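Residue numbers (my numbering): 1 to 263.
Structure (structure tokens):
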């Protein structure tokens with residue numbers, strides 16, 4: 001119990017060091033530049049206190065649960081006995097097809113964490129409001145989640161095979177630029193933002209732990225060279241799926257308008 005309290009206290013002190021500059025900038029601009037008092041000071045102070053405590057508990061939870069869970073799942077799914085490669089002495093590239101459960105887990109964890117991302121939920125709600133209901137929150141969230149799932153799946157396949165990361169990323173952005181040329185203008189900015197908000201507090205810890213765990217347990221892989229890069233896939237592919245979702249919605253709307261023309 002004492003060990004947990006000491007670790008939590010250390011996380012709290014580290015969080016205070018990180019948050020204090022932000023507080024200093026906000027208060028400095030409010031008092032020195034705008035020359036106005038801080039409204040609802042007690043509420044603001046309570047809010048900052050809750051932020052500090054929340055971040056400290058979150059960081060401690062990452063170290064105690066999410067990071068170990070991601071590494072454990074990677075170890076179990078890549079165990080030679082589970083894959084049937086015990087004693088073969090070959091690397092993952094020669095048995096990439098045997099990692100089907102890894103790909104399935106990667107898609108499931110990417111999809112589910114993206115759906116639960118608070119930042120994505122906030123963006124989806126705001127998009128629904130400013131579009132007068134044209135963009136459905138669940139439609140946007142599912143489109144982003146599918147993109148994250150596909151991206152994480154392809155990223156784990158890259159780790160298994162040991163293929164260069166830049167080949168995938170360059171090809172992906174070529175596809176994104178091509179989609180952008182033909183996409184409805186109203187969705188482009190939102191699609192690019194969706195790629196960023198899909199990698200936040202829930203997704204990044206599990207995905208990073210999964211990538212490092214895979215690279216550590218697949219023969220012939222280096223955690224530093226091969227373990228990172230999954231987050232780039234999680235940022236890139238939601239852009240594709242959101243643009244595709246908008247293009248498909250526009251196509252369906254046009255066909256309905258053609259079948260049922262207005263008088």
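C-beta atoms are modelled at their ideal positions from N, C-alpha and C, and glycine is treated no differently. Predicted model, so just to flag it, every value in this text is computed and none were measured.
- Annotated three-state conformation of residue 60 is helix, per DSSP.
- In the three-state reduction of the DSSP assignment, residue 40 falls in the coil class, being assigned neither a helical nor a strand state.
- Looking at 206, 189, 143, 35, the one whose alpha-carbon comes closest to that of residue 69 is 206.
- Classified as buried, residue 215 has 16 or more neighbouring CB atoms from the shown chains inside 10 Å of its CB.
- For a cut-off of 8 Å, the C-beta gap from residue 151 to residue 237 is around 3 Å, short enough to register as a contact.
- Residue 2 counts as exposed, since fewer than 16 other beta carbons sit within 10 angstroms of its beta carbon.
- In this structure residue 248 is not in contact with residue 227, their Cβ atoms being roughly 35 Å apart against a cut-off of 8 Å.
- Its chain contains 27, 30, 31, 44 as the residues whose beta carbon lies nearer than 8 Å to that of residue 38, once the 5 sequence neighbours on both sides are disregarded; these appear in chain order.
- Residue 200 and residue 244 have their C-alpha atoms roughly 23 Å apart.
- Here the alpha carbon of residue 41 sits roughly 39 Å from the alpha carbon of residue 187.
- When the alpha-carbon of residue 61 is set against those of 11, 174, 239, the nearest one is in 11.
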